[in-house]
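The working numbering puts the sequence shown at residues 459 to 578. A virtual CB, placed ideally from N, CA and C, is assigned to each residue, including glycine. Nothing here was measured: the structure is a model prediction, and the numbers come from that model.
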Amino acid sequence: MPLMNDARSVPEAVSPVSPRRIARPVMLQGWYDLTALHWPYEAADVQARLPEGFVVDTFEESAWIGLIAFDMQRVRVPGMAARGRTSTFPETNVRTYIVDPRGRRGVWFLSLDVPRLVPV
């Protein structure tokens, strides 16, 4: 399995626009006070921690690990009102960036810490 991205496994350009419209979202939320820190890692070391079929997404020949912390607010199901304290909470995650077996870029959570079970 390749460790570096090439034209066969990764879309050429990254766009801020979603490639497809989401017809029916399953959850709505707001992210506030976001902090994102990233460090480069050896691609082979990160690849060893991914499930078979997923390929680490690299930038400048490195895999990247992110530490992301933020407050989620007004987390709710579409059509329902946010429910006070249960819909507002902090989240911290440790992530890396991957390419799935279909060639789509995504995020792989190495750790996801949230004090509310239902949204997770």
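Please go through the same chain and pick out, in chain order, the residues whose beta-carbon is closer than 6 Å to the beta-carbon of Leu568, but skip the five residues on each side of it. Val552
Please classify Ile480 as buried or exposed, where buried requires at least 16 other C-beta atoms within 10 Å of its C-beta. exposed
In the DSSP assignment, find the beta strand (DSSP E) that holds Ala481 and state where it starts and stops. Counting along the chain, Ala481 falls outside any beta strand (DSSP E), and DSSP gives it neither H nor E.
Tell me, please, whether the region 510-519 touches the region 531-539 by the rule of three or more beta-carbon pairs shorter than 8 Å. no
Got a sec? Which residues, its chain only, sit under 6 Å from Leu495 by beta carbon, not counting five neighbours each side? Leu525
In chain order, what residues of the same chain lie with their CB nearer than 8 Å to the CB of Trp566, ignoring the 5 residues before and after it? Leu508, Phe512, Arg553, Thr554, Tyr555, Ile556
For Arg579, which residues in the same chain have their Cβ closer than 6 Å to its Cβ, ignoring the five residues on either side in sequence? Since the first and last residues shown for the chain are 459 and 578, residue 579 lies out of range.
Roughly how many angstroms separate the alpha carbons of Leu570 and Met530, rounded to a whole number? 13 Å
Compare the beta carbon distance of Gly564 and Arg532 with 8 Å and say whether it is the shorter of the two. Contact flag unset, no.
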